[in-house]
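Be aware that the sequence shown starts at 1, since it is given in UniProt numbering, and climbs by one per residue.
Idealized CB from N, CA, C, for every residue including glycine.
A short worksheet on the structure shown next.
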Amino acid sequence: METPSPADQHAPPTHGGGGTPLDDHLPVVEPDRDLDDWGRSARLSGLLDRTVWEAAHKVWFRIDLEQAARIPNRGGAVLLVNGGGVASPIGPLLAKAIREDHPRRRESRICVKPALLDQPGLSVLLPRAGAVRSHPDDLRRLLADEGELVVLPVRSDMLEDDEAAGQLAREPAIVAAVRAGAPIVPVAAVGADDAQPVIGRVPLPGGRRLPITLTFPHLGPLAFLLYLPAKVRLRALPPIHPGGSGDERHQAVRAAVTAARRLRAEAAEMTGERGSRWLG
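Right under this line is the structure:
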C-alpha cells in the first residue's frame, strides 16, 4: 500500500467526487429550498395564488386593473394603493392583479405593520405568504438592490387632505423609495372599502384606532375570510419620481402629497363612473 506524503497527510479534507478543500466551509446548495431570503415559501404562496387569490380575482371581486403598463417592467417601485386597513384585502388583490394583468406578470411584496407581524402565528404565516415587514432599511434593499415591487396599502383617511398626506410621508415604504430613488406608482382603487365597510373606530393608546366592521373584531380571524362581493376596480396612475430640492423629509412629503391628491381625484372619478358597487 502506498504511504501518503507528509503534504497529503496535512491537506484539508475534501468531499468525495473531486471536491475542493474549501467545500467543507462553504454553504450547502439546497436545490429544493422552499424559502427565499425574506421568508417567502414558494409552495405556500403558490398554493394561495392558485386557490384563494385566483377565486378572489376572477369570481368574488372580479378585479379589473387598468393602465397596468404604467407599472415599471423592471426595477423597484412602490405601489401606493388606497382602501387599505387591518381587514382590507386590497394589498393581496393588487399583487394578484399584477401577476395576471401586467405585461411582465411581475411578482410583488406587500408591506405589513411590524405590530401585525408580532402576533402569534402571523409572524410565520405572513412572511411565508410573501409579506415583508414595513422597515425602511429592508424596503430600501428590496427596491434598490433587488429591484422588487413593493405594495403599500393605506387607509383612505390618510389621503383625505394634505395634512393627512404629511403623515403618509412617514411610512417606511415612502422613505425607502426616496432613499432608493425608486418611483412611487399611485394605484386608485374602488370597491375595497365596500367589501369590508368600516362602521366605526375605537380609540387605542398611542393615537391608533381599531376599525369596527360588520365582522371584525367580534368574529376574530374569521373576519378576514368574510367579504362582501363588491366589484373591485384598480387603475395605475403615472409614476411619481422622488427627488429635486430639499432634504429626504421634504422629498417624502412632496411625493406623498402629490400621490394623495392624484388618488383622491382618480378614486372620486372612478366612483362616479361605476353604476353599482356590486356589478361595477
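Point to revise | Element boundaries [alpha helix (DSSP H), containing residue 151] | key: Indexing the sequence shown from 1 puts residue 151 at position 151. Residue range 149–154 is occupied by the beta strand (DSSP E) that includes residue 151, with no alpha helix (DSSP H) assigned at that position.
**Study point:** Sub-8 Å separation of residue 281 and residue 232 beta-carbons
**Key:** The question about residue 281 has no answer here: the residues shown for the chain are numbered 1 through 280.
**Study point:** Per DSSP, the bridge partner or partners of residue 186
**Key:** Here residue 186 is taken as the residue at index 186 of the sequence shown, counted from 1. DSSP lists 80 as the bridge partner or partners of residue 186.
Point to revise | Rounded straight-line distance, which links the Cα of residue 278 to that of residue 230 | key: Reading the sequence shown from its first residue, position 230 is the one you call residue 230. Reading the sequence shown from its first residue, position 278 is the one you call residue 278. Cα-Cα distance, rounded: 5 Å.
Point to revise | Three-way DSSP call (helix, strand, coil) for residue 87 in this model | key: Locating residue 87 in the sequence shown gives position 87, counting from the first residue. Three-state result, residue 87: coil.
Point to revise | Identity of the residues DSSP links to residue 132 by a beta bridge | key: Against the sequence shown, residue 132 aligns to sequence position 132. Partner(s): 111.
Check your understanding: Between residue 123 and residue 266, what straight-line distance do the alpha-carbon atoms span, to the nearest angstrom?
Key -> Here residue 123 refers to the residue found at position 123 of the sequence shown. Here residue 266 refers to the residue found at position 266 of the sequence shown. Near 35 Å, if we compare the C-alpha coordinates of residue 266 and residue 123.
Exercise for review: Compare the Cα-Cα distances from residue 44 to each of 149, 156 and 128 and report the closest residue.
Suggested key: For this step, residue 44 is matched to residue 44 along the sequence shown. It is 128 whose Cα lies nearest to the Cα of residue 44.
Practice item. Taking residue 66 as the reference, give the member of 268, 188 and 201 with the closest Cα. Key: Within the sequence shown, residue 66 is the residue found at index 66, counting from 1. For residue 66, the nearest C-alpha among the options comes from 188.
Check your understanding: Which word fits residue 125, buried or exposed, when buried means at least 16 other C-beta atoms lie within 10 angstroms of its C-beta?
Key -> Here residue 125 refers to the residue found at position 125 when the sequence shown is read from its first residue. By the 10 Å Cβ count, residue 125 comes out exposed.
Check your understanding: From residue 274 to residue 34, what distance separates their C-alpha atoms?
Key -> The residue you call residue 274 lines up with position 274 of the sequence shown. The residue you call residue 34 lines up with position 34 of the sequence shown. Straight-line Cα distance between these residues: approximately 42 Å.
Review point. DSSP three-state call for residue 172: helix, strand or coil?
Key: Taking the sequence shown and counting its residues from 1, one reaches residue 172 at position 172. Three-state result, residue 172: helix.
Check your understanding: What is the rounded straight-line gap between the Cα of residue 85 and the Cα of residue 139?
Key -> Position 85 of the sequence shown, counted from the start, is the residue given in the question as residue 85. Position 139 of the sequence shown, counted from the start, is the residue given in the question as residue 139. For residue 85 and residue 139, the distance between alpha carbons rounds to 20 Å.
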